Amino acid sequence: MPCARRCSSGRRHGTRDRSLCHTELRADKAALRSPERLPTYADEPGRYVETNHYCAHLTDDVRQCILYDSPGPNARLIGIEYMITPKLYETLPAEERKLWHSHVYEVKSGMLVMPGPTAPGLRQAWEAAETQEMKHIIGLYGKTDRGDELPLGEPKLMTSFTADNQFDFEKAVGDRDRRFGTDYKRAKKSREGIEVPTIHEDADQAWKQRRNSM
């Protein structure tokens with residue numbers, strides 16, 4: 660299920676109905692493109708990969724997202740991301756919190772998009788729904804393990820970009836926009852009114868450690 664859609668079922672023992680979430684995930688994957696972003700490797704910030712997310716709400720505080728390398732029928736599964744609320748993030752041990760990343764930059768820069776209909780009559784309504792969903796995503800923390808054909812060697816985390824100077828934004832996101840029919844500049848402008856949350860000091864350690872080592 661794309662991140663913009665919540666499970667429509669009622670609660671069951673404090674969680675969403677998982678079977679319904681998964682049924683909708685399969686149906687939506689065939690009909691809609693997923694939220695799309697460009698995460699990077701935590702230990703190799705110069706590398707990034709385009710990812711398409713299909714997410715289910717496991718509880719009100721946890722989303723589980725399946726990551727694919729394209730929206731096409733032959734897409735390859737490349738990882739799993741968990742996204743959690745600040746309330747849950749605060750309960751994690753300090754060392755664990757260092758493994759999670761924020762989504763503020765992805766949302767405010769227009770990098771994170773939910774490709775939808777491009778027809779003039781539908782685009783405005785879709786963008787309004789997308790902007791509303793970004794108000795929820797901007798405060799979430801994520802943790803992603805990359806996917807491999809075989810899980811050989813020690814696992815590697817993926818993380819999110821947090822600033823313009825960390826990669827060639829125009830080249831990477833501009834290319835994405837041309838292929839998906841999206842517009843990061845338009846998305847960025849529509850999100851100007853989204854309040855920026857305070858990012859916990861333990862998050863985004865991949866970039867903080869890199870700065871300290873330079």
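Numbered according to my numbering, the sequence shown spans residues 660 to 873.
We put the beta carbon where it would ideally sit given N, CA and C, even for glycine.
Keep in mind that this is a model prediction, so the values were computed, not measured.
A direct Cα-to-Cα measurement between D728 and P774 gives close to 15 Å. Residue pairing by DSSP puts M742 in a beta bridge opposite R722 and G801. 8 Å or more divides the Cβ of I737 from the Cβ of L751. Here S761 is bridged, per DSSP, to Y800. Taking the C-beta atoms as reference points, H762 is found nearer than 8 Å to G801. Going by DSSP, D836 is part of the alpha helix (DSSP H) stretching over F828 to F839. As the crow flies, the alpha-carbon of K848 is around 34 Å from that of E755.
D827 counts as exposed, since fewer than 16 other beta carbons sit within 10 angstroms of its beta carbon.
Contact annotation: A831 and Y764 have beta-carbon atoms that are not nearer than 8 Å. Collapsing the DSSP output to three states places L751 in coil.
Going by DSSP, A846 is part of the alpha helix (DSSP H) stretching over Y843 to S849. Residues of the same chain with their beta carbon placed closer than 7 Å to that of G731 are lacking, with the five preceding and five following residues left out of the count. Scanning its chain for C-beta atoms nearer than 8 Å, with the 5 sequence neighbours on each side dropped, one finds around A734 the residues N711, Y727 and D728, in chain order. In this structure, A862 places its C-beta atom within 8 Å of the C-beta atom of H760.
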